[in-house]
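Trainee: Heads up: the protein sequence lines correspond to chains F and W, in order.
Following my numbering, the numbering of the first sequence begins with -15 at its first residue and continues without gaps.
Following my numbering, the numbering of the second sequence begins with -15 at its first residue and continues without gaps.
Where is the CB? At the ideal position from N, CA and C, for every residue including glycine.
One structure, as structure tokens, below. Some questions next.
Protein chains: 2
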Amino acid sequence: MDITIFENTYRHPLISQKELELLIDAHKRIHIKEGEFMLKEGKTANEYYLIERGLFRAFVHNTSGNEITTDFFTDNEFLIEVSSLFQRIPSQENLQALTDSWAWKIEFDVFQELFHKIEGIREWGRAWMSEQLFISKRRSINMITTSAKDRYLALLKEKPIIIQQAPLKYIASYLGITDTSLSRIRKELFQ
Amino acid sequence: MDITIFENTYRHPLISQKELELLIDAHKRIHIKEGEFMLKEGKTANEYYLIERGLFRAFVHNTSGNEITTDFFTDNEFLIEVSSLFQRIPSQENLQALTDSWAWKIEFDVFQELFHKIEGIREWGRAWMSEQLFISKRRSINMITTSAKDRYLALLKEKPIIIQQAPLKYIASYLGITDTSLSRIRKELFQ
DNA sequence: AAAACTACTTGCCATATGACAAGTTATACA
DNA sequence: TGTATAACTTGTCATATGGCAAGTAGTTTT
């Protein structure tokens, strides 16, 4: 079995090879069909996933009932709804596969035991969460300080796979604009 | 000593009274003068604070060199830069007092020991961080789905103390608009 | 008391983006 | 293969917000 994905995603100086193996053993490989929901709003998450291959999105409904895509997840990233999983409360987000995918699934109870037993996993987990918080704050700042065109260009540069594979309307709501505007931005850039 | 503030902020079913006392003993009460920096960008945070009384802000510099206020902190809230403290890396944010304040300071090393020793504190910490991530994501969504006027009204409703005490320019950049626009929004609302 | 400075307001005009509706193209389904 | 549906584009017009500059009021400094 190729364990590169685990070595890369769970990388931390305090996690030993033996502890990494405990983590790896806790994951089960699963296949997901395009369109499948990994978590629906109102349900409490009981697991998270490490994506081997595929594309997913998170989305919420705004007050008008429209879908807003809040995040995309792809190869070698964690597909997770942190609030629901760690506060044991119903999710307000949906997690959905946009392509047929392969992922490694780990149950909350299993992770929980390792988290409390192994210092390195606690440190890794806290650092990972800190990083997510940093990324989320940076996203807020970008939303209010850069133009829609610049946000599109930044996404194109950082995660081109999303631009290539996700439908325009999902990308548009992720960027905080209408699909009409995104279509015009594309036209202006590439024509 | 009135320990209400600790009972409220460190509330968690897995934290016993004795463990709470260990936490309380780790905090030292300090006074902060208006304008004082609790953390400067480029420095690594070595402590966090529980605010007893006062108002603080977090701010970053955007690519044009302008200050953007990213958060406000007030009574019974934690004043903390998570990324710097838990990843042990230089901060990109500044933390500054907007009023003379009183707070409870706790050193990273001291918290670290309690975190790894006491399960309840780990659970509390992870839940707190999950909540922060949730709040941050909600902020991103609000930034792109609601008008500046509605964001102002929401802040007025949820944290009126900030509207009352912080200078207009800080509130404006926190809301993602210019101080000119905020001035006009106020005029339209209250005149 | 004068001067400098900060905080906030107002006017004028520019522009990015939205709203709505219609058109085109591609995809899926029967 | 044809039809329905989804994905995307385009046109016209409206509006929220920004940019810049000037003005007023309050506060601090000397």
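1. Write down every uninterrupted run of the beta strand (DSSP E) in the region 78 to 154 of chain W whose length is 3 residues or greater and which is fully enclosed by it, in chain order.
2. Check for me: the alpha helix (DSSP H) holding K171/W runs from which residue to which?
3. Taking Cβ positions only, does N78/W come closer than 8 Å to chain F?
4. According to DSSP, simplified to helix, strand and coil, what is T(-7)/F?
5. Could you tell me the distance, in whole angstroms, from the CA atom of N30/W to the CA atom of I155/W?
6. Measure how close the beta-carbons of F43/F and T53/F come, nearest whole angstrom, since I'm counting them as under 8 Å.
7. Would you say H15/W and W86/W are within 8 Å of each other, going by their C-beta atoms?
8. Within 8 Å (strictly less), CB to CB, does S165/W reach chain F?
9. Excluding sequence positions up to five away, which residues of its chain have a Cβ less than 8 Å from the Cβ of M22/W?
10. Candidates R37/F, T47/F and E3/F: which alpha carbon is nearest I145/F's?
11. Could you confirm whether any beta carbon from chain F is found closer than 8 Å to the beta carbon of T28/W?
12. Kindly list, in the order they appear in chain W, the residues whose Cβ is closer than 9 Å to that of H100/F.
13. Per DSSP, T53/W is paired with what?
14. Determine which residues of the region 108 to 121 of chain W have a Cβ less than 8 Å from any Cβ of chain F, and write them out in chain order.
15. Which whole-angstrom value describes the C-beta separation of L140/F and L152/F, a residue pair presumed to lie in contact below a C-beta threshold of 8 Å?
16. For L7/W, count the other beta carbons within 10 Å of its own beta carbon; 16 or more makes it buried, fewer makes it exposed. Which is it?
17. What does I125/W touch in chain F if you count any residue whose Cβ is under 8 Å from its own?
18. Over the uninterrupted beta strand (DSSP E) stretch that includes E36/W, give me the two end residues.
19. Spatial neighbours of K24/W within its chain, please: C-beta separation below 6 Å, excluding the five flanking residues on both sides.
20. Please name the residue, chosen from I(-13)/F, K133/F, E103/F and R110/F, that lies closest to L173/F on a Cα-to-Cα basis.
21. Should A138/F be labelled buried (16 or more other beta-carbon atoms within 10 Å of its own) or exposed?
22. Name the chain F residues whose beta carbon is nearer than 7 Å to that of F70/W?
23. From what residue to what residue does the alpha helix (DSSP H) around I8/W run?
24. Taking 8 Å as the threshold (beta carbon to beta carbon), is G160/W in contact with chain F?
25. Report back the beta-carbon spacing between R123/W and S124/F to the nearest angstrom; my notes put them in contact at under 8 Å.
26. Going by DSSP, what residues sit across from I14/F in a beta bridge?
27. Helix, strand or coil for L(-2)/W per DSSP?
28. Taking P(-3)/W as the reference, give the member of E103/W, I35/W and S157/W with the closest Cα.
29. Taking just the CA atoms, how far does E97/F sit from M113/F?
30. State yes or no: is the C-beta of F92/W within less than 8 Å of the C-beta of L69/W?
Mentor: A quick look at the data gives this:
1. 78 to 81 and 85 to 91
2. The residue given as residue 171/W occupies position 187 in the second sequence. K171/W -> alpha helix (DSSP H) spans D163 to F174.
3. Here residue 78/W is taken as the residue at index 94 of the second sequence, counted from 1. Output row for N78/W: interface = no.
4. Within the first sequence, residue -7/F is the residue found at index 9, counting from 1. Note: T(-7)/F maps to helix in three-state DSSP.
5. Indexing the second sequence from 1 puts residue 30/W at position 46. Indexing the second sequence from 1 puts residue 155/W at position 171. Cα to Cα, the separation comes out at about 28 Å.
6. Residue mapping note: residue 43/F aligns to position 59 of the first sequence, counting from 1. Residue mapping note: residue 53/F aligns to position 69 of the first sequence, counting from 1. F43/F to T53/F, Cβ: 5 Å. Contact.
7. Here the question's residue 15/W lines up with position 31 in the second sequence. Here the question's residue 86/W lines up with position 102 in the second sequence. Closer than 8 Å, so yes.
8. Counting from one through the second sequence, the residue named residue 165/W turns up at place 181. No - not a single Cβ of chain F is within 8 Å of the one on S165/W.
9. As a working mapping, residue 22/W is identified with position 38 in the second sequence. Here the set comprises I16, Y33, F40, L63, L79, Q80 and A81.
10. As a working mapping, residue 145/F is identified with position 161 in the first sequence. The candidate whose alpha carbon is nearest that of I145/F is R37/F.
11. For the purposes of this step, residue 28/W is taken as residue 44 along the second sequence, with counting starting at 1. False, the Cβ-Cβ gap to chain F never drops below 8 Å.
12. Within the first sequence, residue 100/F is the residue found at index 116, counting from 1. Result: E103, R106 and E107.
13. As a position in the second sequence, residue 53/W is number 69, starting the count at 1. According to DSSP, T53/W bridges with F43/W.
14. G109, R110, A111, M113, S114, E115, Q116, L117, F118, S120 and K121
15. Translated into the one-based positions of the first sequence, residue 140/F becomes position 156. Translated into the one-based positions of the first sequence, residue 152/F becomes position 168. Contact flag wrong, Cβ pair sits at about 13 Å.
16. What you label residue 7/W is simply residue 23 of the second sequence in a count that begins at 1. By the 10 Å Cβ count, L7/W comes out buried.
17. Indexing the second sequence from 1 puts residue 125/W at position 141. By Cβ distance, chain F contributes V44, N46, I52 and T54.
18. As a position in the second sequence, residue 36/W is number 52, starting the count at 1. From DSSP, the beta strand (DSSP E) with E36/W extends over E31 to R37.
19. Taking the second sequence and counting its residues from 1, one reaches residue 24/W at position 40. Hits under 6 Å: N78.
20. The residue labelled residue 173/F in the question sits at position 189 within the first sequence. Comparing Cα-Cα distances from L173/F to each of I(-13)/F, K133/F, E103/F and R110/F, the minimum goes to K133/F.
21. Position 154 of the first sequence holds residue 138/F. Result: exposed.
22. The sequence position of residue 70/W within the second sequence is 86, counting from 1. Those within 7 Å of F70/W in chain F are R110, A111 and S114.
23. The sequence position of residue 8/W within the second sequence is 24, counting from 1. Per DSSP, I8/W belongs to the alpha helix (DSSP H) from Q1 to D9.
24. Against the second sequence, residue 160/W aligns to sequence position 176. Output row for G160/W: interface = yes.
25. The residue you call residue 123/W lines up with position 139 of the second sequence. The residue you call residue 124/F lines up with position 140 of the first sequence. Rounded, the Cβ-Cβ distance is 5 Å, consistent with contact.
26. Stepping through the first sequence from its first residue, residue 14/F is reached at position 30. Answer is A87/F, bridged to I14/F.
27. Residue mapping note: residue -2/W aligns to position 14 of the second sequence, counting from 1. Note: L(-2)/W maps to coil in three-state DSSP.
28. Translated into positions along the second sequence, residue -3/W becomes position 13. The option with the nearest alpha carbon to P(-3)/W is E103/W.
29. Start at 1 with the first residue of the first sequence, and residue 113/F comes out as number 129. Start at 1 with the first residue of the first sequence, and residue 97/F comes out as number 113. So the two alpha carbons sit approximately 18 Å from each other.
30. For this step, residue 92/W is matched to residue 108 along the second sequence. For this step, residue 69/W is matched to residue 85 along the second sequence. In contact: F92/W and L69/W (Cβ atoms closer than 8 Å).
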